[in-house]
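Student: Dumping the structure here so I can ask a few things about it.
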Amino acid sequence: MPGRTGGTPLPSQFYDRPAEEVARDLLGAVLVSTIGGATTAGRIVEAEAYVGPHDPASHAAERIGRTARNEAMFGPPGIAYVYRIYGVHWCLNVVTGAEGYPAAVLIRAVEPLEGVDAMRRRRGDHCSDRGLTSGPGKLAAAMGITGRENGHPLDRPPLMILEGEAVDPSEIAVGPRIGVTRAADWPLRFYVRNNPWVSR
DNA sequence: ATCCGGATCGCCT
DNA sequence: GGCGATCCGGATG
474 MPGRTGGTPL
484 PSQFYDRPAE
494 EVARDLLGAV
504 LVSTIGGATT
514 AGRIVEAEAY
524 VGPHDPASHA
534 AERIGRTARN
544 EAMFGPPGIA
554 YVYRIYGVHW
564 CLNVVTGAEG
574 YPAAVLIRAV
584 EPLEGVDAMR
594 RRRGDHCSDR
604 GLTSGPGKLA
614 AAMGITGREN
624 GHPLDRPPLM
634 ILEGEAVDPS
644 EIAVGPRIGV
654 TRAADWPLRF
664 YVRNNPWVSR
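Under the working numbering, the first residue of the first sequence is numbered 474, with each subsequent residue one higher.
And the structure:
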């Protein structure tokens, strides 16, 4: 599908807003990876906001402060924050808000648009189409994203987010974040209703 | 120096 | 629905 991944990278100003606004507006945008020489791309269909130091579920919550791990969250808007979870998986976030203010959006799921063969190679032959990218650890693996991308500005290769077709507001659903124990009821998870790649 | 728990996934029953 | 994998950051002693 030529043209599908040839859009304009979202500028850093796009991310210089409250994380919940950015999370909502990222639905429909296109994540493109050329990591390892293979082009893979997917439409963002699920994202979660981690809104600031007052957010007890955030890796940069007040009680934790600024550390080596969460350093990227204090960086300028539009860079990647990639962390390892459970000693096994990588997860991709986009840093939001002004430099020095720690907030981010976790990309939880994408719908594959390009490079399905490369995704399957990385994820395993047994994997269904839906299982390729229907979760943060899955999409990171499918697109070759690791800790090397931590701090990378997402407006240039090898990892970019491009402007996409806007999702109709009636198709956007909101609910509590997944897997968090603190602030478990805050409605900061945004997803495209009925999309097969949304996790759970 | 040691301990604990986690923004997950896949395989098991 | 439950559990093990497999590691690191942060807290405690």
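Virtual Cβ for every residue (Gly too), placed ideally from N, Cα, C. None of the values given here were measured: they were computed from a predicted structure.
Anyone know if the C-beta pair for Arg516 and Leu612 falls short of 7 Å?
Tutor: Against the first sequence, residue 516 aligns to sequence position 43. Against the first sequence, residue 612 aligns to sequence position 139. No; because the gap between Cβ atoms is not below 7 Å, this pair is not in contact.
Student: Could you check what DSSP says for Gly476 in three-state terms: helix, strand or coil?
Tutor: Here residue 476 corresponds to residue number 3 of the first sequence, with the count starting at 1. In this prediction, Gly476 scores a pLDDT of 49, lower than 50, which makes its location untrustworthy; the coordinate-derived value is nonetheless stated afterwards. In the structure shown, Gly476 sits in coil (DSSP, three-state: anything other than H, G, I, E or B).
Student: Since Arg668 contacts Glu584 with CB under 8 Å, what's their CB separation in whole angstroms?
Tutor: Taking the first residue of the first sequence as 1, we reach residue 668 at position 195. Taking the first residue of the first sequence as 1, we reach residue 584 at position 111. Sequence inspection shows Asn at residue 668; the Arg mentioned does not correspond to that position. Going by Cβ atoms, the distance from Asn668 to Glu584 rounds to 6 Å, so yes, they are a contact pair.
Student: Can you list the beta strand (DSSP E) stretches of 3 or more residues lying completely in the segment 498-523, in chain order?
Tutor: Counting only runs of 3 or more, we get 503-506, 513-523.
Student: Measure the C-alpha to C-alpha separation of Asp498 and Ala639 and round it to an integer number of angstroms.
Tutor: For the purposes of this step, residue 498 is taken as the residue at position 25 of the first sequence. For the purposes of this step, residue 639 is taken as the residue at position 166 of the first sequence. Roughly 8 Å between the two C-alpha positions.
Student: Roughly how many angstroms lie between the CA atoms of Ser672 and Asn543, to the nearest whole one?
Tutor: Working through the first sequence from its first residue, we reach residue 672 at position 199. Working through the first sequence from its first residue, we reach residue 543 at position 70. In a straight line, the C-alpha of Ser672 is about 25 Å away from that of Asn543.
Student: With DSSP run on the structure shown, which of helix, strand or coil describes Leu605?
Tutor: In the first sequence, counting from the first residue as 1, residue 605 sits at position 132. Three-state result, Leu605: helix.
Student: Rounded to the nearest angstrom, how far is the Cβ of Tyr488 from that of Gly551, given a contact under 8 Å?
Tutor: The residue labelled residue 488 in the question sits at position 15 within the first sequence. The residue labelled residue 551 in the question sits at position 78 within the first sequence. The pair is a contact, with the Cβ atoms about 4 Å apart (cut-off 8 Å).
Student: Nearest CA to the CA of Met616: which residue from His625, Thr606, Asn623?
Tutor: Translated into positions along the first sequence, residue 616 becomes position 143. If we check each option's Cα against that of Met616, Thr606 comes out closest.
Student: Based on the DSSP secondary-structure assignment, which residues constitute the bridge partners of Phe547?
Tutor: Here residue 547 refers to the residue found at position 74 of the first sequence. The partner list for Phe547 (beta bridge, DSSP) is empty, contrary to what the question assumes.
Student: Suppose you measure from the CA of Arg593 to the CA of Cys600; what does that come to, to the nearest Å?
Tutor: Working through the first sequence from its first residue, we reach residue 593 at position 120. Working through the first sequence from its first residue, we reach residue 600 at position 127. Straight-line Cα distance between these residues: approximately 7 Å.
Student: How many whole angstroms separate the CB atoms of Tyr664 and Val518, which I take to be in contact at a CB cut-off of 8 Å?
Tutor: By one-based count along the first sequence, residue 664 stands at place 191. By one-based count along the first sequence, residue 518 stands at place 45. Their Cβ separation, rounded to whole angstroms, is 6 Å, which keeps Tyr664 and Val518 in contact under 8 Å.
Student: Check for me: the beta strand (DSSP E) holding Tyr488 runs from which residue to which?
Tutor: Taking the first sequence and counting its residues from 1, the one referred to as residue 488 is at position 15. Unbroken run through Tyr488 is the alpha helix (DSSP H), 485-488; no beta strand (DSSP E).
Student: Does DSSP put Asp590 in a helix, in a strand, or in coil?
Tutor: If you number the first sequence from 1, residue 590 lands on position 117. Helix.
Student: Can you list, in chain order, the residues of its chain whose CB lies under 6 Å from that of Gly501, leaving out five sequence neighbours each side?
Tutor: Mapped onto the first sequence, residue 501 falls at position 28. Counting only Cβ-Cβ distances below 6 Å, and skipping sequence neighbours, we find Gly637, Glu638, Ala639, Val640.
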